[in-house]
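Enquirer: My questions all concern the structure below.
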Amino acid sequence: MIDARRITVSKVISDLKERTELAERINAADRYLVSEDPPVRLDETEIDAARAAGLPDRAPGRPG
Amino acid sequence: MPLAPPVCLIEHRVDQGDYYSVAAYITDAELAADIVHRAATGSRIRQETGVREEAAWRARSGELTGTSEEQKEARKVGREKAKKDATKARQFNEDLGRNLIQRRGKASQKQHSLARAKAIAAVVLADNRELPARGLRLVLSQLQEVEVKELKSGEQRQKVSYADVDQCRQFLSNRIEEARTPNEVLEILADGLIAGILADQSELPQSKRISWWTGAEEQVKKLLGADHQSGEAAARLEQEIGESRGRSTQVGRPFSLALRR
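Those protein sequence lines, which keep their order, are chains X and H.
Position 63 of the first sequence, counted from 1, bears residue number 63 in the working numbering, the numbering being contiguous throughout.
Position 14 of the second sequence, counted from 1, bears residue number 1014 in the working numbering, the numbering being contiguous throughout.
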């Protein structure tokens, strides 16, 4: 199970190259939370939507 | 009969006493990976973080412009450049280490020791901004202004103003700059350390006290114990402490004059 409020790149992407590239992109979007393994989280409205639909069906929130 | 949607989100409500917290878990790893992909590439990031961040990242990485092939090529060039830079850096660091060892010796010590001592002092002062104000301003009259007022009763009342953090730092920095020998630099630094550790701030109201500490306080006390208890530095320090305490009828030099020393 993966914490919906903190989906770290390393936990869900096994390919190192892909992981590095995604981490770079996510870090670039948020200069203040730069990390080698940046987390992505669903915000409350997205979790509400997922709750209603049985799965998250909206675009994810900002990294954080 | 339509199938129920797959369960991908599990929520657990925890009673925290005054409030409930909800832990939410995604059970589908593929879905989580998809979320990460969309977070990285999706339009919402661009909308939320704005064009400026996007441009900053483009400038930093140089990989977002062009087709995916061009991006791949740019990354390849970047990796090759990084590899060359790493080799150069390794070579430079090896040369530096060799030069550092080769230059050691009496001639080098004689030629550069004053500059070295001043460099070390500059680092100490930069990393310990409050050090001079913590102690020296309490023990040196140059860093105090004493205003003596005579009351109608004939009694005298003193008001002491102390130099602030920047003025104290400037004062110590000037003295170090003027030093002619490495030993003089070390002596001035040692004065600052001894005063910083030993000067009693009880003469100041709480709000005016300076907070400074060093993790090496015990070591400094042990190493400089003999320094402040005897010898030339002690005599000078004691004299300066004495001056500041027995100054009841004197008026201290204004900070501005002390700083010009």
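Even glycine gets a Cβ: it sits at the ideal position worked out from N, Cα and C.
Please read these numbers as outputs of a predicted model, since none were measured by experiment.
(1) Give the residues of chain H in contact with Asp3 of chain X, contact being defined as C-beta atoms less than 9 Å apart.
(2) So, helix, strand or coil for Asp1028 of chain H, using DSSP?
(3) Give a yes or no on whether 9 Å exceeds the smallest Cβ distance from Leu22 of chain X to chain H.
(4) Okay, do the region 1195-1206 of chain H and the region 1132-1144 of chain H touch, 3+ Cβ pairs below 8 Å being the bar?
(5) Between H:Asn1093, H:Ser1113, H:Pro1205 and H:Val1220, which has its C-alpha nearest Ala1179 of chain H's C-alpha?
(6) Are the C-beta of Leu42 of chain X and some C-beta of chain H separated by less than 9 Å?
(7) Output the distance between the C-alpha atoms of Ala1115 of chain H and Ala1126 of chain H, rounded to the nearest integer angstrom.
(8) Drop a sphere of 10 angstroms on the beta-carbon of Ser1068 of chain H, count the other beta-carbons inside from all chains shown, and report buried for 16 or more, exposed for fewer.
(9) Just the Cα atoms here: how many angstroms apart are Glu1080 of chain H and Gly1097 of chain H?
(10) Checking 9 Å against the spacing of the C-beta atoms, do Ser1011 of chain H and Ile47 of chain X come in under that value?
(11) What does DSSP give as the partner residues of Thr1009 of chain H in its beta bridges?
(12) When you compare the CB of Val1036 of chain H with every CB in chain X, is at least one pair closer than 9 Å?
(13) DSSP beta-bridge partners for Glu1147 of chain H?
(14) Between the region 1138-1151 of chain H and the region 1166-1184 of chain H, are three or more C-beta pairs nearer than 8 Å?
(15) Spell out whether any CB of chain X is found under 9 Å from the CB atom of Ala1033 of chain H.
(16) For a contact meaning CB atoms closer than 7 Å, what does Val9 of chain X contact in chain H?
(17) Sorted by chain position, which residues of the same chain lie with C-beta nearer than 8 Å to Ile1221 of chain H's C-beta, five sequence neighbours on each side aside?
(18) On a CA-only basis, which of X:Met1, X:Asp3, X:Glu24 and X:Arg51 is nearest His1037 of chain H? Give me that one, please.
(19) Would a check of beta-carbon distances place Glu1218 of chain H closer than 9 Å to chain A?
Expert: By the coordinates alone:
(1) Result: Ala1023, Ala1024, Tyr1025 and Ile1026.
(2) Coil, per DSSP.
(3) Closer than 9 Å to the CB of Leu22 of chain X there is at least one CB belonging to chain H.
(4) A contact exists between the region 1195-1206 of chain H and the region 1132-1144 of chain H.
(5) When C-alpha distances from Ala1179 of chain H are compared across H:Asn1093, H:Ser1113, H:Pro1205 and H:Val1220, the shortest belongs to H:Ser1113.
(6) True, the Cβ-Cβ gap to chain H drops below 9 Å.
(7) Spanning the two alpha carbons is a distance of roughly 16 Å.
(8) Exposed.
(9) Spanning the two alpha carbons is a distance of roughly 26 Å.
(10) According to the sequence displayed, residue 1011 of chain H carries Glu and not Ser. Against a cut-off of 9 Å, the Cβ pair of Ile47 of chain X and Glu1011 of chain H comes out as a contact.
(11) Sequence inspection shows Leu at residue 1009 of chain H; the Thr mentioned does not correspond to that position. Under DSSP, Leu1009 of chain H takes part in a beta bridge, and its partners are H:Ile1026.
(12) Cβ-Cβ to chain X under 9 Å: yes for Val1036 of chain H.
(13) DSSP, once it has assigned bridges, lists H:Lys1159 as partnering Glu1147 of chain H.
(14) Contact holds: three or more Cβ-Cβ distances are below 8 Å.
(15) For Ala1033 of chain H, the answer is yes, since a Cβ of chain X falls inside 9 Å of its Cβ.
(16) Those within 7 Å of Val9 of chain X in chain H are Val1036.
(17) Correcting the residue type first, residue 1221 of chain H is Lys in the shown sequence and not Ile. Only Ile1197 meet the Cβ criterion.
(18) Just measuring C-alpha positions, the residue of X:Met1, X:Asp3, X:Glu24 and X:Arg51 sitting nearest His1037 of chain H is X:Glu24.
(19) Reference to chain A is not applicable here, since the protein chains of this structure are X and H.
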